[in-house]
Amino acid sequence: MGLLSIIIWLPIVGGIAVIATGRNVSEDGSGFRLDRWLTLLISVLVFLLSLQLYLGFDSGTAAMQFVEQKPWIRAFNVEYFLGIDGISLPLILLTTFLTPLVVISGWDVIKKRPAQYFAAFLILEGLMLGVFAALDALLFYVFWEAMLIPMFLIIGIWGGERRVYATVKFFLFTFLGSVFMLIALIYLYLQTGSYRILDFHAAPLSIDQQIPIFLAFLVAFAVKVPMWPVHTWLPDAHVEAPTGGSVVLAAVLLKMGGYGFVRFSLPITPDASQTLDWLMIGLSLIAVVYIGFVALVQQDMKKLIAYSSIAHMGFVTLGFFVAWEIFAGTGDLAGITMGITGGMLQMISHGFISAALFLCVGVMYERMHSRQIADYGGVVNTMPKFAALMVFFALANAGLPGTSGFVGEFLVILASFKANFWYAFLAATTLVLGAAYTLWMIKRVIFGAVRNEAVAQLTDLNGREFFVLGILAVFVLGLGLWPAPLVDVMSVTVENLVAHIMNPKF
Amino acid sequence: MAFLTPDLNPALAEIVLGSGICVVLLADLFISDRWRDLTFAIAMAVLVATAWVAGGIGLNGVEITFDGSFIADPLARVLKLLSALVVAVVFLYSRAYLKDRDIYKGEYYLLGLFALLGIFVMISAYSMLTMYLGLEMLSLSLYALVAFDRESPVAAEAAIKYFVLGAIASGCLLYGMSIIYGVTGSLLLPEINAALLQSGPNDIVALVGLAFIMVGIAFKFGAVPFHMWLPDVYQGAPTCVTLFIGTAPKLGALALAIRVLFEGLGPIATSWEAMLTVLAVLSLGIGNVVAIVQTSMKRMLAYSTIGHVGFIFLGLLAGTEAGLEASLFYTIVYVMMAAAAFGVLILMSRRGFDADALDDFKGLNERSPWFAAIMMLVMISMIGVPPLAGFYAKWWVLAAILDQGHLWLAVTAVMFSVIGAFYYLRILKLMYFDEPENVIELDAPFDMRLVLSINGALLLAIGLFPDRLIAICAGVFP
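In C-alpha cells, the structure reads:
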C-alpha cells in the first residue's frame with residue numbers, strides 16, 4: 002500500500018473507528034473523550050504522512066509521482082490509479098494541514114453528537130485527498146461525489162436555523178453539476194477506451210467534440226468554484242454551516258473546482274478553452290467586480306466572507322483562462338505560466354485566509370451567538386489578541402503586500418495586463434473593493450467604542466483558539482514573504498501544462 | 014410417435030423447488046400454530062436447496078429442453094440463484110412482522126414459494142406459452158399474498174385493484190402472443206425470430222402483436238403509463254408482501270423482457286426500441302416527480318421504483334449486449350436496495366404500528382444510529398451517489414446508451430436523477446436533522462438485524478469493489 006493510499010484511507014477508516022468509540026460519550030461531554038483524541042491523533046498523523054509526500058517530491062519533473070496503479074473494474078478498464086504532481090501536492094498539503102485545525106476548533110464547541118461530527122470531518126478529509134490524488138476519471142468521480150454526503154450531513158446536523166434549506170440546495174446544485182461531468186467522462190471513455198485522465202489529455206478531439214465536453218466540465222466546476230451565476234448556494238451553505246464546515250467548504254471544497262479546470266478542462270479541451278475563453282474571462286470578471294459590490298452591502302459576517310470567497314475565486318479562473326489572450330497578444334509563454342501559477346497561489350492562499358476568517362467569525366459566534374455586523378462594535382476593547390489577528394487576516398484578505406493574499410492576486414493582475422489593459426484594470430478594482438468591504442466590516446465590528454453590554458462581557462481568545470489562529474497567521478505571513486517553496490513545487494508542472502495546452506489537439 | 018422423456022436436468026432447480034413446495038404444503042397441515050417456526054424452517058431449507066441447485070452447478074453452458082420451450086443458460090442460472098436468495102431474505106424479514114399481526118400462517122410461505130416457482134419458469138421460458146404459464150403462476154400467488162391480511166380493508170382493495178388490472182394486462186400479453194403466433198406460426202422464440210427475419214421489420218401485424226406484448230411487459234414492471242396499480246398495491250399490501258412484490262418479481266420481469274424482446278422479437282427491434290424510449294422517459298419523469306409529493310414511505314418507494322424502471326428500460330433500449338448487462342446489473346442492485354428499504358420499514362414497525370408515514374423516520378439517528386446509517390446507505394445508493402452500488406448501475410446504463418449515441422436520453426436521465434435526489438435526501442433529513450417523536454426502541458429478532466445489516470453493507474461493499482458483480486453480469490451474455 003502506497004503513501005497516497007494510506008493518507009486517503011486512514012482518515013476514512015479512522016472516522017468509522019471514531020463513531021464506534023463515540024458511544025461512550027457522556028451527556029455533558031465530560032471525562033476523557035476518546036473520540037476527539039482519536040480524531041486529533043489521526044488527523045495529525047495524516048498531516049505528518051503528507052509531509053513525507055512533500056519531502057519525497059521531486060519538483061524537477063512534471064511526471065506523476067507516488068504512483069499506485071491497480072485494476073479496479075476490469076470490464077471497463079477502470080483502475081485504482083493514484084499519483085500527484087506539482088498541481089495536486091499543494092492542495093493535498095492544504096487539506097491535511099487544515100483538518101487538524103478544524104478538529105481543534107470544534108474541540109469542545111460541538112455538543113450535539115460530537116463523535117459523528119469528528120468522524121464526518123475525517124471521512125471528508127479522506128475523500129478530498131482522494132479527489133486530488135485520483136488519476137483515473139471514474140475514481141476521481143467517486144471521490145468527488147462521495148464527498149457530498151459528509152458535507153451534506155455536516156451542514157444539516159450541526160448547522161444554523163435554515164440548515165435544511167442550505168444543505169439541500171448545496172447538494173442539489175453540486176449534484177446537478179457533476180452529473181454532466183459524468184456524461185462527459187463516459188463520452189471520453191468511449192473515445193479512448195480507458196478512464197485514465199492522462200489518456201484523456203492525449204486524446205485527439207475535434208473542436209466539435211471539445212466544446213460540449215468543455216461545457217459539461219464547466220457546469221461541474223463552475224458550481225464548485227463557484228462562478229457567477231451558479232454561486233447562489235455558497236452564501237447559504239456558508240452561513241448555515243458550522244464553523245468547521247465553513248472552513249472546509251471555503252478552504253478546500255471550492256479549490257476542487259479550480260483543480261478541475263487545470264486537471265480536466267484545460268488539458269483535455271484546450272481548443273474549446275481557447276474558443277470560449279471570452280466566456281470564462283467574462284464570468285471571472287463579473288465575479289471579481291459584481292460580487293465585490295455584493296459583498297459590500299452584506300450585514301452578516303459569514304455572508305460577507307462567502308461573497309468575498311467568490312470574488313477571490315474569480316481571480317483563480319481569470320488566471321487560468323487569460324492564457325490565450327496573452328499568447329495572441331505577445332506570444333509570451335512565461336506570461337501564461339504566470340497567470341496559471343498566480344491562480345494556483347491564489348487558491349492556496351485563499352484556503353488559509355478564508356479558513357482563518359471563518360474561524361474568527363466562529364470565535365465571535367460562540368460567544369455572542371450572532372453573526373450580524375450590527376450586533377458588534379468595539380470588540381478590540383475586550384478581545385485585543387483576537388482583534389489583532391482578525392485585523393491581520395482582514396488585511397491579508399484585502400491583498401496587503403507581505404501577506405499571501407497579495408502574491409496570487411498580483412501575479413494574476415500582471416498576467417492579465419499582458420492580455421488586455423481593461424482586464425487588468427477591472428481585476429485591480431478588487432484591491433479597492435476588497436479593501437473596502439473587508440476593512441469596513443473590521444471598522445464596524447472591531448473598532449470604535451464598545452457597542453453594547455454583550456460585547457463588554459466578551460472574553461479574549463483561549464489557548465486553543467489562539468493556537469489555531471496563530472498558526473494560520475504564521476502561514477499567511479510566511480507565504481506572503483517567501484512564496485518560493487510553493488512556486489518551486491508547481492513550476493515544472495505548470496510549464497508542462499502550458500506547453501500542452503498551447504499545442505492544438507487537431 | 015414415440016414418447017421421449019425430455020431431459021429433466023436443466024429444470025432441476027424447478028423440480029427441487031416444486032417438490033419442496035409439496036413438502037411444505039403437507040408438513041404445514043400437521044403443524045400447530047405454536048410450532049409455525051417449523052414451517053418457516055422447512056421453507057428456508059427448500060430455498061437454500063433450490064439456490065444451491067440453481068447456482069451450484071456452475072453458471073456456464075446453454076441447455077434447451079422440453080421440445081425447445083425451456084432454456085437454462087447463464088442468465089437463467091444467475092437470476093434463479095438471486096431470486097431464490099432474495100425470497101429467503103424476504104421470508105427472514107417478514108417473520109416478526111407476520112407474528113405481530115397474527116397472520117403468521119404457513120400459507121404465506123406456500124404462496125411465496127409458488128410465486129418463486131412462477132418466477133423460475135418465467136426466467137427459463139423459451140416459448141411464449143411457458144412464459145405465460147410462469148407469469149400467471151407468479152401473478153395469482155401475488156394477488157393472494159396482497160390480500161393475505163384478511164382483516165385489512167385496504168389490503169383487500171389493493172388486491173382487487175391488482176387483480177383486475179393484472180388480468181387485463183395478462184390478457185393484453187396473451188393477445189399479443191397469439192397475434193405473433195398467427196404471424197410466425199410458432200410459439201418458440203428462436204422460430205419466431207427466424208420467421209420475423211424473413212417477413213422484415215415492417216410487418217404491420219407483427220407490430221400490433223408487439224404493441225400488446227409491450228403493454229404486458231410494461232405493466233409487470235410498472236412502467237408509465239401502466240403504473241397505476243403500483244402505488245396502491247405497494248401501500249395497501251402488508252409491508253412484508255410489498256417487500257416481496259418489490260423485489261424478486263422484478264428479476265423475473267427482466268428475464269421476460271430480455272427473452273421476448275431480444276431472443277424472440279429481435280428483428281423488429283427498431284420498433285420496440287422506440288416504444289421503450291417513450292416508456293422509459295415517461296417513467297423517469299412521472300416516477301421521480303410524483304415521488305416528491307408523497308407522504309407515505311411505501312408510496313414514495315413505489316414511485317421511486319417507477320423511476321428506476323425507467324433506467325432499466327434505458328439499458329434495454331440500447332439494444333446492445335452492454336445495455337442488457339447494464340439492465341441486469343441495475344435490476345440486481347435495485348432489488349438489493351428495495352429489499353433493504355422495505356426491510357427497514359418492517360424493522361421500524363411493531364405490534365399495532367405500521368411504519369409508513371415519512372414522519373416515522375424522524376430522528377431515527379437518535380433511536381438507532383446503526384440502522385439510520387443503513388437506511389442512509391440505501392437512500393444514497395438510490396440517488397446514485399458513489400461509492401454505493403446504485404451509482405455503478407446508473408453509470409453502466411448511461412455508458413450503454415451513450416455508446417449508441419443517445420445523448421439526449423442520457424441528459425434526460427441524469428436530470429431526472431437530480432430531481433429524484435430531492436426526495437431521497439428528505440429521508441436523510443428526517444433521520445438526521447430532525448428530533449424523534451418518540452424513543453421507542455426498535456425491536457426485531459437478531460437474525461433480521463444481522464441480515465438487514467449485511468444487506469445494507471453489501472451495497473457499500475459492491476460500491477467499493479464492484480469488479481466481481483460487474484464481471485458476473487458481463488459474463489452472462491456470451
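As you go down the protein sequences, you meet chains A and B in turn. Okay, so the first sequence: first residue is 2 according to the numbering used here, each after it adds one. Okay, so the second sequence: first residue is 14 according to the numbering used here, each after it adds one. From the three backbone atoms N, C-alpha and C, an ideal C-beta is built for every residue, glycine too.
{"Item": "Under 7 Å between C-beta atoms, does residue 143 of chain A make it to chain B?", "Value": "yes"}
{"Item": "Just to make sure I have the definition right: I need the residues of chain A whose C-beta is within less than 8 Å of the C-beta of residue 480 of chain B. Which are they?", "Value": "72, 73, 74, 75, 76"}
{"Item": "What residues in the segment 173-207 of chain A bring their beta carbon closer than 8 Å to a beta carbon of chain B?", "Value": "173, 176, 177, 180, 181, 183, 184, 187, 188, 190, 191"}
{"Item": "Counting contacts by CB-CB distance shorter than 7 Å, is residue 427 of chain B in contact with chain A?", "Value": "yes"}
{"Item": "So, do the segment 311-322 of chain A and the segment 356-365 of chain A have three or more beta carbon pairs nearer to each other than 8 Å?", "Value": "no"}
{"Item": "Bridge partners for residue 197 of chain A per DSSP, in chain order?", "Value": "A/137"}
{"Item": "My assumption, with CB atoms under 8 Å, is that residue 486 of chain B sits in contact with residue 379 of chain B. Please give the rounded CB distance.", "Value": "Not confirmed; about 39 Å, so no contact."}
{"Item": "For residue 401 of chain B, which residues in the same chain have their Cβ closer than 7 Å to its Cβ, ignoring the five residues on either side in sequence?", "Value": "390, 393, 394, 472, 473, 476"}
{"Item": "Would residue 19 of chain A pass as an interface residue toward chain B - the criterion being a Cβ-Cβ separation below 7 Å?", "Value": "no"}
{"Item": "Start and end of the beta strand (DSSP E) containing residue 454 of chain A?", "Value": "Element bounds for residue 454 of chain A: not the beta strand (DSSP E) but the alpha helix (DSSP H), 454-457."}
{"Item": "What residues in the segment 156-175 of chain A bring their beta carbon closer than 9 Å to a beta carbon of chain B?", "Value": "157, 158, 160, 164, 165, 168, 169, 172, 173"}
{"Item": "On the premise that residue 83 of chain A lies in contact with residue 6 of chain A, defined as a C-beta separation below 8 Å, what is that separation, rounded to the nearest angstrom?", "Value": "7 Å"}
{"Item": "Where do the N-terminal and C-terminal ends of the alpha helix (DSSP H) with residue 16 of chain A fall, by residue?", "Value": "4-22"}
{"Item": "Please report the straight-line C-alpha distance between residue 345 of chain A and residue 314 of chain A, rounded to a whole angstrom.", "Value": "10 Å"}
{"Item": "Taking residue 445 of chain B as the query, report the chain A residues whose CB atoms sit under 7 Å from its CB, ordered along the chain.", "Value": "154, 157, 158"}
{"Item": "So for residue 430 of chain A, helix, strand or coil by DSSP?", "Value": "helix"}
{"Item": "Which complete alpha helix (DSSP H) runs does the segment 314-350 of chain A hold, if anything under 4 residues is left out?", "Value": "324-331"}
{"Item": "What does DSSP give as the partner residue(s) for residue 83 of chain A in the beta ladder?", "Value": "A/69, A/135"}
{"Item": "Can you have a look at residue 296 of chain B and say buried or exposed, based on whether 16 or more other CB atoms are within 10 angstroms of its CB?", "Value": "buried"}
{"Item": "Rank B/256, B/332, B/347 by C-alpha distance to the C-alpha of residue 281 of chain B and give the top, closest one.", "Value": "B/332"}
{"Item": "At least one CB of chain B closer than 7 Å to the CB of residue 146 of chain A: is that the case?", "Value": "yes"}
{"Item": "Skipping 5 residues on each side, what residues in its chain have a beta carbon closer than 6 Å to that of residue 352 of chain A?", "Value": "95, 252"}
{"Item": "What residues of chain B sit near residue 149 of chain A, judged by a beta carbon separation below 8 Å?", "Value": "398"}
{"Item": "Give the interface partners of residue 435 of chain B over in chain A, defined as CB-CB distance under 8 Å, in chain order.", "Value": "169, 173"}
{"Item": "Quick check for students: name the residue ranges of the alpha helix (DSSP H) that lie wholly in the segment 308-376 of chain B, counting only runs of 4 or more.", "Value": "310-330, 334-361"}
{"Item": "May I have the straight-line CA-CA distance separating residue 181 of chain A from residue 238 of chain A, to the nearest angstrom?", "Value": "22 Å"}
{"Item": "Taking residue 179 of chain A as the reference, give the member of B/199, B/301, B/195, B/408 with the closest Cα.", "Value": "B/408"}
{"Item": "Measure the alpha-carbon distance for residue 140 of chain A versus residue 226 of chain B and round it to whole angstroms.", "Value": "41 Å"}
{"Item": "If you draw a straight line from the C-alpha of residue 100 of chain B to the C-alpha of residue 258 of chain B, how long is it?", "Value": "10 Å"}
{"Item": "Just the C-alpha distance for residue 330 of chain B and residue 403 of chain B, rounded to the nearest angstrom, thanks.", "Value": "20 Å"}
{"Item": "Does the beta carbon of residue 453 of chain B sit closer than 7 Å to a beta carbon anywhere in chain A?", "Value": "no"}
{"Item": "Mind checking whether residue 88 of chain A and residue 271 of chain A have CB atoms under 7 Å apart?", "Value": "no"}
{"Item": "Taking 7 Å as the limit between beta carbons, can you name the residues of its chain near residue 421 of chain A, skipping five residues before and five after?", "Value": "326"}
{"Item": "Check for me: the beta strand (DSSP E) holding residue 85 of chain B runs from which residue to which?", "Value": "83-85"}
{"Item": "What separation, rounded to the nearest whole angstrom, lies between the Cα atoms of residue 194 of chain A and residue 78 of chain A?", "Value": "7 Å"}
{"Item": "With distances taken Cα to Cα, identify the nearest neighbour of residue 134 of chain A among A/68, A/292, A/399.", "Value": "A/68"}
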